[in-house]
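The sequence shown maps to residues 1 to 305 in UniProt numbering. Below is one structure, written out as structure tokens; comments come after it.
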Amino acid sequence: MFAAIDQQLTVDLGGRNTQQLYAAARDDEPLVEAAAGPLQTAADAGETVLLTTGFPIPPSNEPETDGPLGTVVLAGALRDLGAKPIVVTEPRGEATITAVADALGIDSPELVSLAPPESVAAGATSDATPETTARSLLDSYEPGAVVAIEKPGRTADGSYRTAAGEDITALVTAVDPLFAAAHDRGIPTVAVGDGGNEVGMGRIRSAVETHVDGGETIACVTPVDELVVAAVSNWGAYGLVAALSIDSDRNLLHTGDTERALLAAAVDAGCIDGVTGAATESVDGIPAAVHANVVDILQHCVTAQ
1 MFAAIDQQLT VDLGGRNTQQ LYAAARDDEP LVEAAAGPLQ TAADAGETVL LTTGFPIPPS
61 NEPETDGPLG TVVLAGALRD LGAKPIVVTE PRGEATITAV ADALGIDSPE LVSLAPPESV
121 AAGATSDATP ETTARSLLDS YEPGAVVAIE KPGRTADGSY RTAAGEDITA LVTAVDPLFA
181 AAHDRGIPTV AVGDGGNEVG MGRIRSAVET HVDGGETIAC VTPVDELVVA AVSNWGAYGL
241 VAALSIDSDR NLLHTGDTER ALLAAAVDAG CIDGVTGAAT ESVDGIPAAV HANVVDILQH
301 CVTAQ
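Have a look at this one:
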């Protein structure tokens, strides 16, 4: 069933060569099975899990609809399993996380807001470097795992890029040092991505450069221990929740109808479609009905056990 979940997550409706990226990422186990393992371990121990998301889309620079939904659903599942989820994001992403949590019917996870370079330049107070911030977060929360879902990742030249190659460095709080520091401390790192420019895709950098348009420019260089490649990153997060559901023998996943409500809440909070740039109830150019159907198929994967 884990393989069936992986298969559903990689239906390439956006034409991103998802299958080639998936093949590069997979070893022996289905990706969701391997990635769910350290999350289940952290939850069993009652540990904190740091989750980060938020991808700004020019020219409005609002966060896209891909990422926040999956992050909140995964955070809720981890909380139900005993973990303490904390979401790390930019200030512009806070309202979305809270709105999606409300629509899901759960308390919003604790938020840690980190100012991006543009805010610091405009006068926000921040003397910390990304490296010192990373160490501080790990020292303060002692997480059992660190997770990125659709979070811009550093490229080879140190910039952060959209899928089209546009430079968004000034808009992005760098979390790559958080994943590097976690790895150095032996803390499991997990990521979900779909285009090659997200944190974690450094694990398959060569495949991104080979199979993704503009891959040599946008490829993230930051790896993680466990990478879930999906056609849409929200789907990857939902696949993780489905895997955790199977592992724990508890249905932790929402329904297709709820998915529509989550997407509407995200748009109302200011999110936009990352492909079209429009404030519509869609993700990566794919309408809400399709996303609802994907969730319902994953529900069947869970309940068919």
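The C-beta atom is built at its ideal place from N, Cα and C for all residues, glycine as well.
For the beta strand (DSSP E) holding residue i, just list the boundary residues, first then last.
i	result
S113	E110 to S113
T89	K84 to T89
E226	E226 to V229
T48	T48 to T52
So, helix, strand or coil for residue i, using DSSP?
i	result
A145	strand
I187	coil
V72	helix
D167	strand
P30	coil
R161	strand
E150	coil
I106	coil
S282	strand
P38	helix
Between the options, which has its C-alpha nearest residue i's C-alpha?
i	options	result
G93	C220, N61 and G195	N61
A45	A34, R79 and T280	R79
Q8	S233, E216 and A99	S233
V212	D194, V224, G54 and P223	D194
V267	T255, S282, G256 and V275	S282
T155	G105, A128, A103 and P223	P223
D107	T48, E118, V73 and G153	V73
V228	G14, A36, D12 and M1	A36
G186	V172, A170 and L138	L138
Here's the rule I'm using: 16 or more other beta-carbon atoms within 10 Å means buried, otherwise exposed. How should residue i be labelled?
i	result
E142	exposed
T189	buried
E216	exposed
N293	exposed
E259	buried
D176	buried
L13	exposed
E226	buried
Where does the unbroken alpha helix (DSSP H) through residue i begin, and where does it stop?
i	result
T217	G215 to I218
T210	R205 to H211
L81	Looking at the DSSP string, L81 is not in any alpha helix (DSSP H), and its letter there is neither H nor E.
V294	A288 to T303
L244	S233 to S248
T18	T18 to A25
V267	G256 to D268
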